[in-house]
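So the sequence lines, in the order shown, correspond to chains A and B. Okay, so the first sequence: first residue is 5 according to the numbering used here, each after it adds one. Okay, so the second sequence: first residue is 6 according to the numbering used here, each after it adds one.
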Amino acid sequence: EPEVTQTPSHQVTQMGQEVILRCVPISNHLYFYWYRQILGQKVEFLVSFYNNEISEKSEIFDDQFSVERPDGSNFTLKIRSTKLEDSAMYFCAIPGFSGGASDTQYFGPGTRLTVL
Amino acid sequence: AQKVTQAQTEISVVEKEDVTLDCVYETRDTTYYLFWYKQPPSGELVFLIRRNSFDEQNEISGRYSWNFQKSTSSFNFTITASQVVDSAVYFCALRDTGGFKTIFGAGTRLFVKA
């Protein structure tokens with residue numbers, strides 16, 4: 005199972021502030037995914053990112069959200085102006101060892117975002 | 006549209022009982038993948054199994070087994086001789102072979118009492 009870490013593990017922020025969540029795979033990957041899970045609810049897809057471009061995004065992923073790969077290894081999710089309803093666990097996912105889109109997605113430990 | 010339904014919100018069993026978690030899916034795609042993930046109280050999502058739509062063989066892994074029936078669009082998960090450590094939320098999920106997003110069901114919370 006491929007390894008991926010996420011930082012921070014918990015982020016508390018004030019409404020309207022910008023937050024950046026980071027995902028760091030142990031090995032090099034071209035595909036990245038972000039999902040979120042509001043407390044007690046299902047896991048929801050946000051966006052997939054391939055080779056420095058968004059390949060698919062959900063209706064949740066509006067203009068407040070952006071993703072990038074700033075240095076070739078880290079993969080970030082930015083929320084520009086957080087709202088109370090952005091409070092959730094955010095998971096980064098990477099494909100399995102084949103690294104392809106068809107592979108199983110393995111999830112990082114998640115970042116719990118709390119917006120006050 | 007794709008959809009995954011896990012009708013059982015919570016199940017409570019006593020240790021050593023067998024338990025089956027139900028999953029029913031909908032998709033218009035002819036080829037797709039089905040998954041089960043486990044979310045223990047610590048919160049991470051742990052991959053358990055993946056099944057390709059063209060492979061209807063059932064699978065057993067230790068105390069876990071999975072029953073995939075394409076005719077009824079179901080992919081059920083059975084834990085034999087449950088243990089307290091099996092207590093978690095279990096998610097069934099679906100992804101079409103040409104897509105990137107995995108669609109999750111609402112999850113079933115399993116409590117295993119000693």
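No residue lacks a Cβ here, since even glycine has one placed at the ideal position from N, Cα and C.
* Provide the residue span of the beta strand (DSSP E) that contains T80/A, from first to last. => As a first step, residue 80/A must be located in the first sequence, where it is residue number 76. Per DSSP, T80/A is one residue of the beta strand (DSSP E) stretching across 79-83.
* Asked: With distances taken between CB atoms, is the gap from Y35/A to S52/A smaller than 9 Å?
  -> Against the first sequence, residue 35/A aligns to sequence position 31. Against the first sequence, residue 52/A aligns to sequence position 48. Annotated as proximal: Y35/A and S52/A, with beta-carbon spacing under 9 Å.
* DSSP three-state call for D60/B: helix, strand or coil? -> In the second sequence, counting from the first residue as 1, residue 60/B sits at position 55. D60/B carries a coil assignment under DSSP once its states are collapsed to helix, strand and coil.
* Own chain, CB closer than 7 Å to N55/A, minus 5 neighbours either side, in chain order -> For the purposes of this step, residue 55/A is taken as the residue at position 51 of the first sequence. Residues L34 of the same chain have their beta carbon placed closer than 7 Å to that of N55/A, with the five preceding and five following residues left out of the count.
* Per DSSP, which one or two residues make a beta bridge with R116/A? -> By 1-based counting over the first sequence, the position of residue 116/A is 112. Assignment of beta-bridge partners to R116/A by DSSP yields H14/A, M93/A.
* Asked: Which partner residues of S66/B appear in the DSSP bridge assignment?
  -> For the purposes of this step, residue 66/B is identified with residue 61 of the second sequence, where counting begins at 1. According to DSSP, S66/B bridges with Y69/B.
* **6 Å Cβ shell around R100/B - same chain, five flanking residues per side excluded** => For the purposes of this step, residue 100/B is taken as residue 95 along the second sequence, with counting starting at 1. Here the set comprises Y38, T107.
* Asked: Mind checking whether V18/B and S66/B have CB atoms under 9 Å apart?
  -> Sequence index remark: in the second sequence, residue 18/B carries index 13 (1-based). Sequence index remark: in the second sequence, residue 66/B carries index 61 (1-based). No.
* chain A contacts made by the region 97-114 of chain B, where a contact means CB separation under 9 Å -> When CB distances to chain A are screened at a threshold of 9 Å, the residues of the region 97-114 of chain B falling below it are A98, R100, T102, G103, G104, F105, K106, T107, I108, F109, G110, A111, G112, in chain order.
* Asked: Out of curiosity, what's the CA-to-CA distance linking D46/B and G44/A?
  -> Looking up residue 46/B in the second sequence gives position 41. Looking up residue 44/A in the first sequence gives position 40. With the sequence shown as reference, residue 46/B is identified as Pro, and Asp is not the correct amino acid for it. Spanning the two alpha carbons is a distance of roughly 11 Å.
* Asked: Going along chain B, which residues have a C-beta under 9 Å from Y37/A?
  -> As a working note, residue 37/A is residue 33 in the first sequence. Simply F105, K106, T107.
* Using only alpha-carbon positions, find the residue among S58/B, E22/B, L53/B that is nearest to T36/B. => By one-based count along the second sequence, residue 36/B stands at place 31. Taking only the C-alpha atoms, the option nearest T36/B is S58/B.
* Asked: Between the region 66-86 of chain A and the region 19-28 of chain A, do three or more beta carbon pairs fall short of 8 Å?
  -> Judged by Cβ distances under 8 Å, the region 66-86 of chain A makes contact with the region 19-28 of chain A, as three or more pairs qualify.
* To do: Find out if the Cβ-Cβ distance for the pair V51/B, V90/B is shorter than 9 Å.
  => Translated into the one-based positions of the second sequence, residue 51/B becomes position 46. Translated into the one-based positions of the second sequence, residue 90/B becomes position 85. No; because the gap between Cβ atoms is not below 9 Å, this pair is not in contact.
* Asked: beta strand (DSSP E) containing D101/B: first to last residue?
  -> Within the second sequence, numbered from 1, the residue matching residue 101/B stands at position 96. Counted as a single uninterrupted DSSP element, the beta strand (DSSP E) harbouring D101/B occupies residues 93-101.
* **Chain-ordered neighbours of E49/B on chain A, where CB pairs are closer than 9 Å** => Counted from its first residue, the second sequence places residue 49/B at position 44. Residues of chain A passing the Cβ test: F95, F111, G112, P113, G114.
* To do: Output, in chain order, the set of chain B residues within a Cβ distance shorter than 9 Å of F49/A.
  => Residue mapping note: residue 49/A aligns to position 45 of the first sequence, counting from 1. Among the residues of chain B, those whose CB is under 9 Å from the CB of F49/A are F105, K106, T107, I108, F109, following chain order.
* Endpoints, beta strand (DSSP E) assigned at C27/A -> The count along the first sequence starts at 1 and reaches residue 27/A at position 23. Element bounds for C27/A: 23-29.
* To do: Taking a Cβ distance cut-off of 7 Å, strictly less, list which residues of the region 48-81 of chain B are near chain A, in chain order.
  => Residues G48, E49, L50, F52, R55.
* **Close Cβ partners of E5/A (< 6 Å) along its chain, the five nearest in sequence each way excluded** => Taking the first sequence and counting its residues from 1, one reaches residue 5/A at position 1. Cβ within range, chain order: Y110.
* Name the chain B residues that come within less than 8 Å of S52/A, Cβ to Cβ? -> In the first sequence, residue 52/A corresponds to position 48, counting from 1. Simply F105, K106.
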